[in-house]
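Protein sequences appear in the order of chains A and B.
Going letter by letter, the first sequence gives residues 1 to 336 in UniProt numbering.
Going letter by letter, the second sequence gives residues 1 to 336 in UniProt numbering.
Protein chains: 2
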Amino acid sequence: MTTIKDIAKAAGVSVTTVSRALNGYSDVNEKTRKKIIEISKELNYSPNILARGLVMNKSKTIGLLVSGFNKESIKDNFTFEVLSGINQYAAETDYDLVLFNTTSTKQREKTYAQLCRERRVDGVILQGIKTDDPYLQEVVESNIPCVLIDIPIQTENVGFVTTDNIAGAKSAVRYLIELGHKNIAMVNGHDLAFVSQERLEGYKRALSEAGLSFRKELVINGAFEEGKSEEVTHKLLNDYPEVTAVFCASDLMALGSIKAAGKSGRKVPESLSVIGYDDILLSSYVSPSLTTIAQNKQQLGFHAAQQLIEMLEKESAPAHIILETELKIRQSTAGI
Amino acid sequence: MTTIKDIAKAAGVSVTTVSRALNGYSDVNEKTRKKIIEISKELNYSPNILARGLVMNKSKTIGLLVSGFNKESIKDNFTFEVLSGINQYAAETDYDLVLFNTTSTKQREKTYAQLCRERRVDGVILQGIKTDDPYLQEVVESNIPCVLIDIPIQTENVGFVTTDNIAGAKSAVRYLIELGHKNIAMVNGHDLAFVSQERLEGYKRALSEAGLSFRKELVINGAFEEGKSEEVTHKLLNDYPEVTAVFCASDLMALGSIKAAGKSGRKVPESLSVIGYDDILLSSYVSPSLTTIAQNKQQLGFHAAQQLIEMLEKESAPAHIILETELKIRQSTAGI
DNA sequence: CTGAAAGCGCTAACAT
DNA sequence: ATGTTAGCGCTTTCAG
C-alpha cells in the first residue's frame, strides 16, 4: 500500500509537499504538483483516511442510528426509504455512512454515544427512536452534531426533520367528515411516539372544527403493528357499532383494521371507511387499495442528511424542517 | 475527549499498561487492571478506533457495496432484506458496516477498490452488481477479502453466497407442467445477471425432463422491471396465444405480466398462470396473490456477513454457500 | 515555494 | 508485571 512517503521519495520532495499538492493547496509549484499527481496515480495511491482522521480529528463519516432493522420493519419499509434518501444526498458528498445498530446483545453493551465517539463519526442521524429512549437523551447531551427524524428536539447541536403530522391527520379526518362520517374512531400508535401525539392532536382539531365532539373511548392504540391493530379494532367495532370510519396512524395498522372489519362483518368501504397514514408501497397494491396520508420518506432522509452535512461543513445552526403531506384518495373510503 | 494518556496519568502508570489492561491482556496485575478500568469509566473513556486502526492496520469495519439504493429497489426490497440480514449478523460482532454507494457523480469518481482502501475496510460484501461491471473485476483483483451475493466467483480471497437458482427455476416450471401446461413462456431478467442465466437453465431442464421442447422465442427479457415485463409479456401473449403459463424470473416482473394479461384479455389464473421468483412482500398481498419461488433474502445477507467475518477472524478460506428455495403456491396459478 | 519536526491516540517489540 | 521507545500515515506549524 503506497503512502505519501513513497510518493515523496519517488518525486524527490518532502512528504509535506506531497500532502499539500494532493490536497490542492495553492502554495505549491504547478510543475511539482503535476509530477506528484502523476506519480501518485502510477503508484495507485489512496490516502489513508484513518490517519487523516486521526490528525484532523474528523472522519468524514456520519453515523446512522436506526432502530428499524428487523423483520418487522420490512413490511413498512419506512426505514429503508429514509435510508435511501440519506444515501442519495450523501452520495453527492465525500461522507460515508456507518450503520450502527441497536440490537443490544451481550457483546455490544456500548451506548450510542460511545459508539459514535469510538468511530469518531462527525455527526449522527437518528431514526425510529422512542421519545423515552435513554439513548436519545444521551446522544442529545453528547454534543455530537445530530439530526433527528420525527423527534422535535432542537438544541445547540441537534436539529430535526419531520412532516406536518397535525395537518396530515387533520386532513385525513376532515376528508372522512366531508364524506359524511360522524362517528370516527382513531387507531393510534403508542404514546411514546411523537408522531402519535401529533396525529392525535390533528384528529381532535378536525373533529372540533366540524363541531363534532371528541370521545376518548374511540381512540385506541395499535402499537404501529398490523396484528395489534386488527385486535383492538375488532373490539372497538364490537363495542361501538355506530363507528363508520377509522383513521389509523399508519398504513400497516390500517391493513389490520381492514382485516378486523372483515371479521366483524363490515365491508370496506361500503360499511366502514378506513384511512391510513404513510403511503407505504403495499397501500396501492392491496385490495381495496388504501386511502392514506402520504409522506415522502425519502425526502425525510434526504433533508436530514443535507441538514447534518451543512451543519458540519458550513457550521450552520441546527434547524427544524417540516415537510408537507398529501391526501391520497383510493378505495378504502366512501361516503356514508 | 479522554485518551489512554489521561488514564495513565490518573492511575500513575504508563500508557502501555493502560492499553494492555483495557485490552484484556493477561500480563497485568489484577489490582492495576481494576483501578485502570475504574478510572477509565470515571473519565468516560472511549478508545479512538481510528488510532487503533492506524497502528493495527485494520478497521473493524466491513464495506457494503450495494447497487440497489434507489427508488426502483424500494418496490422489491431485496436490498433492504439482505442488508437486514447482514446487519443481524454484524450486530453480534464488533464490526460496523459502512455503506458505499454506486451513484457515480462527478465528485465521486473513485473506484470501489479505492473507496475500500481509503476507508481501510477489512472486507467487503457486494450485492446487486452486474457480471460485466468493471468494478466487480477490480474488487476481485484487489485482494480485499470479499463475499459476493449472487455472483459465483471464488478465488483466494473471494467467496460467495447465492441460492440454488437452477433448482428453484426448475421446480417452478415443473409445477406448471404438473398443472398441465405445455406452452410455458419465460420472462427473464437480463443476460448480465448470473441468476438469470441459472434460472433459464432451470427452465430448460424442467422442460426437457418433461419431454417438452424448448422454444427460444418464448423466452423474453423483462429487465427485472415491472413495466418492461408488462410490455414484453403483452407482445408475447399477442404473438403466441398458445401460451398458457408464464414463469417470471422475479416477482416484480410477474406483477407486470399479470397486468399484461389483463390488457390482453386473459384472466389470471383462469386463462393464464403466472409464477414469480423471490417472494417479495407484495406477492402475498396483491390479488390474485402470487405463486412464487421464495428465497430467503435475510439469510443471504446473514450468511454473507458470517462468511466474511470468519474469513477475517479465523482466516478461513472463502467458501461458496448455496441456499435452498421454496415453492409457495398461491392464487396466480391453476390447472389447465 | 519547500522542508524539518512535531504530534494525533494507539499498539507492540524490547527491555527491565 | 510494568515502562521505554518507536512508529502507523497523515497534517500542520514554523523556518527557511
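The beta-carbon is built from N, C-alpha and C at its ideal position, and this holds for glycine as well.
query: Using 10 angstroms around the beta-carbon of Pro145(B), count the other beta-carbons present and answer buried if the total reaches 16, otherwise exposed.; result: buried
query: Taking Cβ positions only, does Ser289(A) come closer than 8 Å to chain B?; result: no
query: Which chain B residues sit within Cβ distance under 8 Å of Tyr285(A)?; result: Leu282, Tyr285, Val286
query: Applying a beta-carbon distance threshold of less than 8 Å, which residues of chain B neighbour Lys75(A)?; result: Leu281
query: Taking three-plus beta-carbon pairs below 8 Å as touching, is the stretch 323-331 of chain B in contact with the stretch 165-182 of chain B?; result: yes
query: Taking only the alpha-carbon atoms, compute the straight-line gap between Gly211(A) and Ile177(A) and give it to the nearest angstrom.; result: 10 Å
query: Which word fits Glu315(A), buried or exposed, when buried means at least 16 other C-beta atoms lie within 10 angstroms of its C-beta?; result: exposed
query: Can you name, in chain order, every residue of its own chain whose Cβ lies under 6 Å from the Cβ of Leu126(B), other than the five neighbours on each side?; result: Leu65, Leu148
query: Can you tell which of Gly301(A), Ala334(A), Gln331(A), Met311(A) has its C-alpha closest to the C-alpha of Ala91(A)?; result: Gly301(A)
query: Can you name, in chain order, every residue of its own chain whose Cβ lies under 7 Å from the Cβ of Arg266(A), other than the five neighbours on each side?; result: Leu237, Leu272
query: Which residues, in chain order, does the stretch 247-258 of chain B contribute to contact with chain A at a C-beta distance below 9 Å?; result: Leu255
query: Could you check if Phe69(A) belongs to the surroundings of the ligand SAM, using beta carbon to heavy atom distance under 7 Å?; result: The model on display carries no ligand, and the ligand SAM is accordingly not part of it.
query: Applying the 10 Å Cβ sphere with the 16-neighbour rule, what's the burial state of Tyr45(A)?; result: buried
query: Quick one: is Ala51(A) near chain B, going by C-beta distance under 8 Å?; result: yes
query: May I ask you to list the residues that DSSP assigns as paired with Cys248(A)?; result: Val187(A)
query: Residues bridged to Val124(A) by DSSP?; result: Gly63(A), Cys146(A)
query: Would a check of beta-carbon distances place residue 339(B) closer than 8 Å to chain A?; result: Since the first residue of chain B shown is 1 and the last is 336, residue 339(B) is not available in this structure.
query: Determine, using beta carbons only, whether Val246(A) and Ala193(A) come nearer to each other than 8 Å.; result: no
query: Under 8 Å between the Cβ atoms of Ala261(B) and Val243(B)?; result: no
query: Write down the C-beta distance between Tyr95(A) and Lys60(A) rounded to the nearest angstrom, noting that I regard them as a contact closer than 8 Å.; result: 5 Å
query: Any beta carbon of chain B sitting closer than 8 Å to that of Arg330(A)?; result: no
query: Specify the secondary structure class of Asp96(B) as computed by DSSP and reduced to three states.; result: strand
query: Do we get a CB-CB distance below 8 Å when we pair Leu43(B) with the residues of chain A?; result: no
query: According to DSSP, simplified to helix, strand and coil, what is Tyr25(A)?; result: coil
query: Which same chain residues end up closer than 6 Å to Gly168(A) when comparing Cβ atoms and leaving out the 5 residues on each side of it in sequence?; result: Ile293, Thr325
query: Give the residues of chain B in contact with Gln114(A), contact being defined as C-beta atoms less than 7 Å apart.; result: Ser46
query: Enumerate in chain order the residues of its own chain whose CB-to-CB distance from Asp6(A) is below 7 Å, with the five nearest sequence positions on each side excluded.; result: Leu43
query: What is the rounded straight-line gap between the Cα of Ser287(A) and the Cα of Glu118(A)?; result: 48 Å
query: Once DSSP output is grouped into helix, strand and coil, what is the label at Val243(A)?; result: coil
query: Does the separation of the CB atoms of Ala317(B) and Gln307(B) fall below 8 Å?; result: no
query: DSSP state of Ile221(A), grouped into three classes?; result: Going by the sequence as given, residue 221(A) is Asn instead of Ile. It is a strand residue.
query: What is the rounded straight-line gap between the Cα of Ser73(A) and the Cα of Glu231(B)?; result: 32 Å
query: Give a yes or no on whether the minimum CB-CB distance between Phe69(B) and chain A is below 8 Å.; result: yes
query: Do Gly335(A) and Leu179(A) have their C-beta atoms within less than 8 Å of each other?; result: yes
query: Who are Leu323(B)'s beta bridge partners in DSSP?; result: Thr163(B)
query: Ala223(B) to Arg215(B), Cα distance in whole Å?; result: 20 Å
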